[in-house]
Amino acid sequence: MIRVAVKEDAPRILQLIKDLAEYEKAPLEAKATLEQIEETIFGNNPTAFCHVCEVEGQVIGIAIWFLNYSTWLGKPGLYLEDL
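Whatever position you read off the sequence shown (first residue = 1), add 1266 for my numbering.
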């Protein structure tokens, strides 16, 4: 099932980010903290958004995204960060 992430998912989201960094052979590059994830995705004024893939009650995947804007095209867009 794919659903909108909730704040209680933050520790698992962070772990999946770190797992991806490890897979990409860049474990030291993932500097995000739990507090940053909670503030930027679940705070009062979120700057990023997250959906999770859940199987049998376990979050197994994430999609983190944010809105952007192309000055060259003069159009809004969406950037998918991690999938």
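Here a beta-carbon is modelled for each residue, glycine too, at the ideal position from N, C-alpha and C.
Here's a check: name, in chain order, each residue in its chain whose Cβ is nearer than 6 Å to the Cβ of residue i, leaving out the five neighbours to either side.
| i | result |
| --- | --- |
| I1221 | Any answer about residue 1221 is impossible in this case: the structure gives the chain only from 1267 up to 1349. |
Taking all protein chains shown into account, do 16 or more other C-beta atoms lie within 10 angstroms of the C-beta of residue i, making it buried, or fewer, making it exposed?
| i | result |
| --- | --- |
| A1276 | buried |
| V1318 | buried |
| I1328 | buried |
| I1303 | buried |
| A1271 | buried |
Does the distance from the C-beta atom of residue i to that of residue j stay below 9 Å?
| i | j | result |
| --- | --- | --- |
| L1344 | F1332 | yes |
| I1326 | L1346 | no |
Report the residue from the options whose alpha carbon sits nearest the alpha carbon of residue i.
| i | options | result |
| --- | --- | --- |
| R1269 | L1346, I1326 and E1320 | E1320 |
| M1267 | N1334, K1341, G1323 and L1339 | G1323 |
| K1273 | L1339, D1285, Y1289 and N1310 | N1310 |
Between residue i and the rest of its own chain, which residues show a CB-CB distance below 7 Å, the 5 nearest in sequence each way excluded?
| i | result |
| --- | --- |
| L1300 | A1276, P1277 and L1280 |
| I1283 | A1296, A1298 and D1348 |
| A1287 | P1293, E1295 and A1296 |
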